[in-house]
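Visitor: One structure follows; several queries about it will come next.
Residue numbers (our numbering), protein chains in the order written: chain V, 17 to 1007; chain Z, 160 to 432.
Below is the structure:
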């Protein structure tokens, strides 16, 4: 084999946008000694010497790899001159989409076709950086590690890489591995679970031990892995389904630890199945005719109109994103898209959402625990991952948010949501029929992502990056896009769908996908038929690999050939790997040997259900006294600081990197107003051409309230999500919710107690608002253990997503103020709800008095406001959330380039909320700010009778926010442009 | 009703993702539309005879690996060069939007042969990474100004979305720009609020030379543009329609209506001869 090296350099070193961007980041590290960064792309080609000569390499360089207008090729390598050279190459076996495409294009260019799927010329790619300036080798290494490479997937070189030969996987000699489990002691069982990365507890290991004792044999590694995957928290959500003994200490006495002993006044409750008795129960009791398929498929399905249904799923990909933020986030969105594609008879994805939780991006580097990537770097790479995957898939990313808290430092959260549309008659989950063939479609299988399901079920430590680098997956969006194109054709062709059932091959890989699909029928899989990326995987690895972009279909024998043909026509790999055989057993074959036989009943019904202890004790918190937080001397300055708080500040730098308009159905975009810089409350899509029926998508999330009361945290999240969809024109009577719990480890009874409270709030909220949950997911071990043993638990984080039908999108409104002279109204009551507020957070206070949702009155408020919007009586609506009335006013006005004169005396309030700062900054729930024209004013006021509301003042042409105290004098008269600038700055990472 | 059917071929490839809305846009303009995978066209280029308009939609063909549109361009060059040359000679139309524009430029079909340059001098322009090195989604103001382009008349002010990471139009040598100007090949420019060619971000969203957002070949029949007209064929996708007194007119439709109209007229002439 001969290896050739080609470098592609910018033609003019002055035109090197990548280099300029890297230089800017180096400057942020505080390294002034670098004065320029020159980048180049590196391609390594390998082929038999007879197949590839110098002339052909020259052609590849000039005609294919290099754009002659802006680039110049170098065959071999160029001397780095005075600078320090750093090269970054992917480690062997890591997905390299560019290399794969280049191999195909070279074949095209030189008329050399692939043989047996192996390209004539093999390609690897890398990046080259030359850092000009006087810097030490150590400094260069630091830059490489911090900014240029991620060593969990990439290798750094300080000289040009010219290998003699590409690393090749070698085929392994078959060896059937049995794990002697029957004789192990309890300690040995636990040690086996830990060593094998099975993440099963002792009871579970003993259940497996007893099963194999009864069979009188030991399990193979593949059998043990199958059980570990199928029984992982990630796949079966055993905590949420557990039997729980829940003790609630009513009031904190500030002393001692109540975990173990009951005290007088405690209530003790036995909860048989937490999620069943709260979230599922609400949905089933509400029994809305439009909930079509809930909690049984990859995504929840609700009716949209007579013809179509819509489905939604929100997933988290926290662990992979902590270790490799780009790949973790990209594969998070990728997996969620496949969930939607694999819902019912297959749905077409029409929108994505993304919500992140990070530590403060300004965190000084020296405060980072070892093994942790800097939060700003995580944020930028996560955004890049979502961007590159979502944009390539052609799915608009329309809604999102970011929450900042230092406790996310070792354990960031990355939530990805996908919305899909499908014909109504395909809403139900399909079932494999005995005799159906098992078709694996999409990407090839490699060692990537092994143990993702089990790994996500445990706590991250500072060593995880090394120990679990194989759990990191890199996506290839185009492989998935091609698969999507083919699957939708297989669904819609005459005689289609060509499959009985379809599912994602996600966590747990084939093991989970085939195991679940074959639960009722049994399945036999020929593992040697699975197409591999490279040689060297053993059968157990093939079975549990979480390689991306793969799906599994159950296909009747007569449809196998047509399906394989459709796939081949668009260069999509589809392989018949076995049959759903009606045996009730899972049987795996490899090279003529039986490597696993398990009863489906044991896989799906064998998991023991121990009783877990949960405790809630209200935390001991001090309410801040008035004396500690004096009223601001300068209200405008306080408001400016609030707007510059990262959680509140503008996310435009991120939003504009996502294509939020592809598919041409985004009727309300994430940024609104005449200059596209107002933070919209919800996005609206109009997915069916020719119809005016739409869908509003929004979220609610209040992690900081969870430090005070997880129950109210959850209710506030639900109320916020509903407010957001109502603000744009959503119908609260046709609104579905999704729950995503990210929690610290629930083996701690306190954390489990908090989870119980949050679930109970979900029940109460869903019932009161009439908004059923249709799908949910949990991630319950979000902790980081630092080098020094310090345990950092994330705040209780419940993300509520709301999906609401908009009867007529032409009635939608946005949050930007529209017209001078219009009236400004506030709807909803303001109370002393300062606990957890951003205003108090500015002073470092948490407080105790968390906002409380009044479930008796709130549903009516939402209904009436929604009615006003549907009737076209409201010109602009904005919800009051983080930062309260003041932030909502400022956002509404600067988005519309208008001002307002507002009198706080008109704010309806509780007796304890008379102070100006409370009226402006309290975060009481269920409140709206509405702009109403003079023409509709009387009608609106009549409709609001019976609710708490007040007429605050009027919109003014003069773009200033003028606020009059509820008592005497004026609190501010400030140009809204100052607020806009403060709000735009903190996360504008353009420079 | 129109008597002659205008038939449009929307060309798909791995990673195309704006094909559905492009099909709809041409249908709204009254055309018959077929979306075809490039594999099927390469297998049988003779199918081109059934169509009068070829449209290459936006997306990330082959992931935009190597460079945006490059691999698709390579396929067009290797497998469809002669049929496409004949297509243009026959008076038929081509539009490349966003990734389609990138592919047409990298295949040498745009700006195409120019009398000022040698006939082999085909790779004279490119669409480079945006000057701020990021993907950018935003709406831009545009002015149309070519009198030869069959897709859009001169003198229109348009408002359309862009969404790309590599849209910075650059030429290889200054005389290419001069030739584009003198041949009237500059079809669309990014403009400021007062209608002047935009030099600065965000009005010029990617740093394009001479604020160029779209160009045609010397026949005026092959158009490439970075903005997405197919995304604005309904008033309600305008970014602030809810504050407009009247429903904003969907500027994107202009391109599809003009092309269909041109083909109808053109075909009538062809049939007489």
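Cβ coordinates follow ideal geometry from the N, Cα and C atoms, glycine included.
#1: Going by Cα to Cα distance, which pick from V:907, V:46, V:230 is closest to residue 658 of chain V?
#2: For residue 176 of chain Z, collect the residues of the same chain with a Cβ closer than 6 Å to its Cβ; drop the 5 residues on either side in sequence, then sort them by chain order.
#3: Could you tell me the alpha carbon to alpha carbon distance between residue 238 of chain V and residue 539 of chain V, rounded to whole angstroms?
#4: Any idea if residue 25 of chain V is buried or exposed, counting beta-carbon neighbours within 10 angstroms, 16 or more meaning buried?
#5: Mark residue 321 of chain V as exposed unless 16 or more other C-beta atoms lie within 10 angstroms of its C-beta, in which case mark it buried.
#6: Name the two residues that bound the continuous alpha helix (DSSP H) containing residue 203 of chain V.
#7: What first and last residue would you give for the beta strand (DSSP E) that runs through residue 453 of chain V?
#8: Along the alpha helix (DSSP H) that carries residue 352 of chain V, what are the first and last residues, could you check?
#9: Apart from the five residues just before and just after residue 693 of chain V, which ones in its own chain have a Cβ nearer than 8 Å to its Cβ?
#10: I want to check one thing, is the minimum distance from the CB of residue 920 of chain V to the heavy atoms of the ligand SAH below 7 Å?
#11: Once you ignore the five residues that flank residue 410 of chain V on each side, which residues in its own chain have a CB closer than 6 Å to its CB?
#12: Does the stretch 722-730 of chain V come into contact with the stretch 766-786 of chain V, if we say contact requires no fewer than three beta-carbon pairs (one atom in each stretch) closer than 8 Å?
#13: Are the C-beta of residue 363 of chain Z and some C-beta of chain V separated by less than 8 Å?
#14: Rounded to the nearest angstrom, what separates residue 564 of chain V and residue 637 of chain V at their Cα positions?
#15: Mind checking which residues open and close the alpha helix (DSSP H) that includes residue 154 of chain V?
#16: At 8 Å on the CB atoms, spell out the chain B contacts of residue 673 of chain V, in chain order.
#17: Using a C-beta to C-beta distance shorter than 8 Å, which residues of chain V count as neighbours of residue 225 of chain Z?
#18: Where residue 198 of chain V and residue 866 of chain V are concerned, what is the direct C-alpha to C-alpha distance, given to the nearest angstrom?
#19: Measure from the C-beta of residue 128 of chain V to each C-beta in chain Z and report whether the shortest distance is under 8 Å.
#20: What do you reckon, are the CB atoms on residue 941 of chain V and residue 732 of chain V nearer than 8 Å?
#21: Sorted by chain position, which residues of the same chain lie with C-beta nearer than 8 Å to residue 530 of chain V's C-beta, five sequence neighbours on each side aside?
#22: Let me check understanding here. Comparing Cα to Cα, which of V:605, V:632, V:360 lies closest to residue 507 of chain V?
#23: Can you list the residues of chain V that residue 285 of chain Z reaches, using a CB-CB cut of under 7 Å?
#24: Check whether the Cβ atoms of residue 271 of chain Z and residue 376 of chain Z lie closer than 8 Å to each other.
#25: Tell me, to the nearest whole angstrom, how far the beta carbon of residue 415 of chain Z is from that of residue 185 of chain Z; I am working on the premise that it is less than 8 Å.
#26: Under three-state DSSP, which class holds residue 285 of chain V?
#27: Which partner residues of residue 758 of chain V appear in the DSSP bridge assignment?
#28: So, do the stretch 854-873 of chain V and the stretch 973-991 of chain V have three or more beta carbon pairs nearer to each other than 8 Å?
#29: Using a Cβ-Cβ cut-off of 6 Å (strictly less than) and excluding sequence neighbours within five positions of residue 901 of chain V, which residues of its own chain qualify?
#30: Taking C-alpha atoms, which residue in V:874, V:193, V:240, V:192 lies nearest to residue 215 of chain V?
#31: Chain V partners of residue 222 of chain Z, CB-CB under 8 Å?
#32: Can the beta-carbon of residue 492 of chain V be found closer than 8 Å to that of residue 459 of chain V?
#33: Taking only beta-carbon positions, decide if residue 444 of chain Z is within less than 8 Å of chain V.
#34: Taking the straight line between their C-alpha atoms, what separation do you get for residue 273 of chain V and residue 151 of chain V?
#35: Roughly how many angstroms lie between the CA atoms of residue 175 of chain V and residue 101 of chain V, to the nearest whole one?
#36: Please list the residues of the stretch 304-327 of chain V that have a C-beta atom closer than 9 Å to any C-beta atom in chain Z, keeping them in chain order.
Guide: Inspection of the coordinates gives the following:
#1: Comparing Cα-Cα distances from residue 658 of chain V to each of V:907, V:46, V:230, the minimum goes to V:907.
#2: Cβ contact annotation for residue 176 of chain Z (same chain, cutoff 6 Å, sequence separation greater than five): 218, in chain order.
#3: Approximately 15 Å between the Cα atoms of the pair.
#4: Per the 10 Å Cβ criterion, buried.
#5: Classification of residue 321 of chain V: exposed, given that the 10 Å Cβ count is below 16.
#6: Under the DSSP assignment, residue 203 of chain V falls in the alpha helix (DSSP H) whose first and last residues are 202-211.
#7: Segment 453-458, the beta strand (DSSP E) holding residue 453 of chain V.
#8: Where residue 352 of chain V is concerned, the enclosing alpha helix (DSSP H) stretches over 341-357.
#9: By the criterion of a C-beta distance shorter than 8 Å, residue 693 of chain V is surrounded in its chain by 666, 668, 687, 910, 911, 996, 1000, once the five residues flanking it on both sides are discounted.
#10: Among the components of this structure there are no ligands whatsoever, and the ligand SAH is therefore not found.
#11: Once the five neighbours on either side are set aside, the close Cβ partners of residue 410 of chain V are 678.
#12: The stretch 722-730 of chain V is in contact with the stretch 766-786 of chain V.
#13: Not an interface residue.
#14: Put simply, the backbone Cα of residue 564 of chain V is about 46 Å away from that of residue 637 of chain V.
#15: Residue 154 of chain V -> alpha helix (DSSP H) spans 153-159.
#16: Chain labels in this structure do not include chain B; the protein chains are V and Z.
#17: Those within 8 Å of residue 225 of chain Z in chain V are 80, 81, 114, 117, 118, 121.
#18: The straight-line gap from Cα to Cα measures roughly 53 Å.
#19: At a cut-off of 8 Å between beta-carbon atoms, residue 128 of chain V makes no contact with chain Z.
#20: Taking 8 Å as the Cβ cut-off, residue 941 of chain V and residue 732 of chain V qualify as a contacting pair.
#21: Around residue 530 of chain V: 454, 539, 541, 568, 594, 602.
#22: Considering only alpha carbons, the answer is V:360.
#23: Residue 285 of chain Z reaches chain V at 83, 85, 86, counting residues in chain order whose Cβ is nearer than 7 Å.
#24: Yes.
#25: 5 Å between Cβ atoms; contact.
#26: Three-state result, residue 285 of chain V: strand.
#27: The partner list for residue 758 of chain V (beta bridge, DSSP) reads V:795, V:813.
#28: Too few Cβ pairs lie closer than 8 Å, so no.
#29: Correct list, in chain order: 936.
#30: Measuring from the Cα of residue 215 of chain V, the nearest candidate turns out to be V:240.
#31: Residues of chain V passing the Cβ test: 113, 114, 117, 408, 492, 493, 494.
#32: Cβ atoms of residue 492 of chain V and residue 459 of chain V: closer than 8 Å.
#33: Absent from the model: residue 444 of chain Z. The displayed extent of chain Z is 160 to 432, so no value can be given.
#34: Residue placement at residue 273 of chain V cannot be trusted, given a pLDDT of 43 that sits under 50; what the coordinates show is reported in the next sentence. The straight-line gap from Cα to Cα measures roughly 54 Å.
#35: Using only the alpha carbons, I get a separation of about 6 Å.
#36: Look at the stretch 304-327 of chain V: it has no residue with a C-beta under 9 Å from a C-beta of chain Z.
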